[in-house]
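Have a look at the structure below, then the notes.
Protein chains: 2
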Amino acid sequence: MNIKTLSKLAGVSISTVSKVINGYADISEETRKRVQQVMQEHAYIPANSTKSSATNRSGLIGVVFAGKQNIDFSHSFFNEIMNTFKSQMGILGYDLVFFSNEKFQQSGETYLARCRHLQIEGCIILSGQDVEESVHELDQSPVPCIGIDLVLAGQNSSHILSDSHNNITKVVEHFYLLGYRELGYIGSNRDSEISSIREQGFRNAMQSYGLTIQEEWFAHGQDFYEESGYRAAKAMVERGSLPRAIFAGSDLLAIGAMRAFKKEAGCRIPEDIAIIGCDDIDACKYTSPPITTVAQNKAKIGRLAAMMLNDLIHNQMQTSSVTVETELIIRESCGSQIARIGL
Amino acid sequence: MNIKTLSKLAGVSISTVSKVINGYADISEETRKRVQQVMQEHAYIPANSTKSSATNRSGLIGVVFAGKQNIDFSHSFFNEIMNTFKSQMGILGYDLVFFSNEKFQQSGETYLARCRHLQIEGCIILSGQDVEESVHELDQSPVPCIGIDLVLAGQNSSHILSDSHNNITKVVEHFYLLGYRELGYIGSNRDSEISSIREQGFRNAMQSYGLTIQEEWFAHGQDFYEESGYRAAKAMVERGSLPRAIFAGSDLLAIGAMRAFKKEAGCRIPEDIAIIGCDDIDACKYTSPPITTVAQNKAKIGRLAAMMLNDLIHNQMQTSSVTVETELIIRESCGSQIARIGL
DNA sequence: CTGAAAGCGCTTACAG
DNA sequence: CTGAAAGCGCTTACAG
């Protein structure tokens, strides 16, 4: 159904239909009613107007979740960044398009083609594992892009990295200042890039603090979830030797490990074993005890991404690479700083 | 910058530029290079093609969060529905547009105008408080809509409701079967519609079970968050009289209340006081003890919404109203069913 | 109040 | 391999 066919059905000219659609005042009430009636009957929705093509402003920002996995709105890192990103872009007058990557996997469609088709003005690209070729094409294209935890090299791309080197050092420093010297690590499976980076950073920081690494206190689960943390910690308990403090590669691993240490070894947290998690998910606030964790400033990352993208779109910025510091959120799973320093 | 100007800059015809853009094969490598070069330099992005207008398929679904608040990706009800909705729509070949309502508040723009402009094929509308006029206009329009917890009356609209009557009855039934007779409620502020519905449902269910309502065991916080639960429970402790079981209007209220009962009254959960929350947020699994809660089947709602919307778009369905049952997720905050039944 | 006509930015058979 | 020309669905001054 197009405007031409519809105008014939309504017995008026194309111009008149167009005016009804756009709410022009100079149309008689009778004509307006009739045209609207016919539009209703045929469920007619006008195609994208040339007007918008002319202004060349779609008001649309693309959201790309790079990698094989699909966007998961439940993922707290993702959704907290999107919260501030979306409200900031909203204030600037943009709506957000979330690309479905189910489609890209089947047909040969590319992100760039989608962006052009929809006249997307800029994209935010969130990093996952196994970034597709289509993302690189987008990076190299004229479409302004912001990468989150993803290095982008294109002429119209900038990126934001979280400072994972600095963050792990803080964990070891915190343990060290509280008097803990026997440190262990519980991570996801060894194939996970994020877990490996965190583990390597932890080992490096331990070495620079002159602490001895005991391999039996380094354990790995299947994934980042609670059950993996439980099993890894339980295995450590069964091996008969426990460190005084554990850094976990995710908060859920920390929660699972805590459950195992309590249940399988009767440990008190933090008196017998201290724990630090990573990610700062909500649940850490409500466990007993609440868990100290490494947090990324997701609200800041989202807001920064919005500002940088807007500047890129309006050519007010050179491409750039920004690093956002992480923070150690101190709760109760390592004991009081003051109390322990007395040791 | 349009295709005409660009073709002049590149010294070729409009047709040739168009072919380069669309990756046609019959262009010499040299010409292709030059055109791409010029496109890069001028950051040219083609406007929406007429081709897409012709096919009349944008492949776009609109997401509207009705009401004054903005979409909050951290909200677990919202984001878990969107998870399944998005992946289902993705399989069907659609991308999602999240409308920013910051904009609607300022300018006179309407959702319908945005939908038309972008040729949105259908919308999902998530209910909030104070639904705007613009949402009703969209409901009444030819754009197919699915309302979530929002009754839609339009000729091309269906909706999905969660069964809040049934859900509260289950709470009282569960308490009753475990032998608890002295029941209390902790809710959000009295102005909150959701909290009021839950409270009224709870009172009704208590009456139908012949239980006496004691007003001193009905308390209210400022909002749905943990601190409000803590304060409301603490106030109850200070008044000197506690029920044997508490239903909280949200999980965070339940978590806060639990903290207060433990800390301010030395209560054990569930031995001294049993608790049921509402919403089934992740944190409930990791508290001590894990909290029994009323869950909506969010995955099912999301998938249903996607299927119903797709059917509506393809005219394969009458408009309809579907109710999804809620479920009581039994964990440890009310004690073992078997143990208590012995009472 | 209505509509014929010129225009928007783009695509696509078709001729060379 | 390239481009002139007809076409897409729509908007908008302008004449009546």
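Protein sequence lines correspond, in order, to chains R and C. Going letter by letter, the first sequence gives residues 1 to 343 in the numbering used here. Going letter by letter, the second sequence gives residues 344 to 686 in the numbering used here. Glycine included, every Cβ here is placed at the ideal spot set by N, Cα and C.
For R:Val64, the nearest beta carbon of chain C is not closer than 7 Å to its own beta carbon. The straight-line gap separating the alpha-carbon atoms of C:Phe604 and R:His220 is approximately 37 Å.
The beta carbon of R:Gly229 sits closer than 7 Å to the beta carbons of Ile186, Gly221, Ala248, Leu252, Leu253, Ala254, Ile255, Gly256, Ala257 from its chain, once the five residues preceding and following it are set aside; these are given in chain order. Under the 10 Å beta carbon count, C:Ala496 is surrounded by fewer than 16 other beta carbons and is classified as exposed. If you draw a 10 Å sphere on the C-beta of R:Tyr44, you find 16 or more other C-beta atoms in it, and that means buried. In terms of beta-carbon proximity, R:Gly90 lines the interface with chain C, with at least one pair separated by less than 7 Å. C:Val637 is outside the set of residues whose beta carbon lies under 7 Å from a beta carbon in chain R. Approximately 13 Å separates the beta-carbon atoms of C:Leu439 and C:Ile489; this is outside 8 Å, ruling out the contact.
Taking a beta-carbon distance threshold of 7 Å, C:Ser417 counts as an interface residue toward chain R.
Chain-order list of chain C residues neighbouring R:Ala233: empty, with the shortest C-beta distance near 15 Å, by a criterion of under 8 Å.
The DSSP assignment places complete alpha helix (DSSP H) segments of no fewer than 4 residues inside the stretch 88-131 of chain R at 101-106, 111-118, in order along the chain.
Judged by beta-carbon spacing, C:Ile511 lies within the 7 Å limit of C:Ala548, meaning their Cβ atoms are closer than that value. Think of a sphere of 9 Å around the beta carbon of R:Thr287: the chain C residues whose beta carbon falls inside it are Ala626, Tyr629, Thr630, Ser631, in chain order. A direct Cα-Cα distance of roughly 16 Å separates R:Arg32 from C:Pro485. Judged by beta-carbon spacing, C:Met651 lies within the 7 Å limit of C:Ser501, meaning their Cβ atoms are closer than that value. The beta carbon of C:Phe420 lies closer than 6 Å to none in the same chain, with the five residues before and after it left out. Going by DSSP, R:Thr293 is part of no alpha helix (DSSP H) but of the beta strand (DSSP E) stretching over 292-296.
At a cut-off of 7 Å, the C-beta of R:Ser100 has a neighbouring C-beta in chain C.
By the Cβ rule, the stretch 321-335 of chain R counts as touching the stretch 292-305 of chain R, because three or more pairs are nearer than 8 Å. If you look at R:Phe175, you'll find it in the alpha helix (DSSP H) that goes 164-177. Counting along the chain, the unbroken alpha helix (DSSP H) around R:Ala257 starts and ends at 251-265. A check of alpha carbon separations from R:Asn297 across R:His75, R:Leu138, R:Phe85, R:Val324 identifies R:Val324 as the nearest.
With respect to C:Val514, C:Ile619 sits close: the two C-beta atoms are nearer than 7 Å. Taking 8 Å as the upper bound on Cβ-Cβ separation, chain R lies near residues Pro485, Val486 of the stretch 473-487 of chain C. Contact of C:Met425 with chain R is assigned, a C-beta pair being separated by under 7 Å.
When C-beta distances to chain C are compared with 7 Å, the residues of the stretch 248-271 of chain R below that value are Ile255, in chain order. Per DSSP, C:Leu671 is one residue of the beta strand (DSSP E) stretching across 669-672. The C-alpha of C:Ser664 is placed about 15 Å away from the C-alpha of C:Ser507.
Of R:Lys263, R:Tyr209, R:Gly23, the smallest CA-CA separation from R:Lys234 is found for R:Lys263.
Short of 8 Å from the beta carbon of R:Arg239, and not among the five residues preceding or following it, lie these beta carbons of its own chain, in chain order: Glu216.
Distance from the Cα of C:Phe441 is smallest, within the candidate group C:Asn658, C:Phe416, C:Ile370, C:Arg587, for C:Phe416. Secondary structure of R:Thr319 (DSSP, three-state): coil.
Flagged as an interface residue toward chain R: C:Leu439, by a C-beta distance shorter than 7 Å. In the three-state reduction of the DSSP assignment, C:Tyr573 falls in the helix class. Beta-bridge annotation (DSSP): R:Ile27 is not paired with any residue. In the three-state reduction of the DSSP assignment, R:Phe73 falls in the coil class, being assigned neither a helical nor a strand state.
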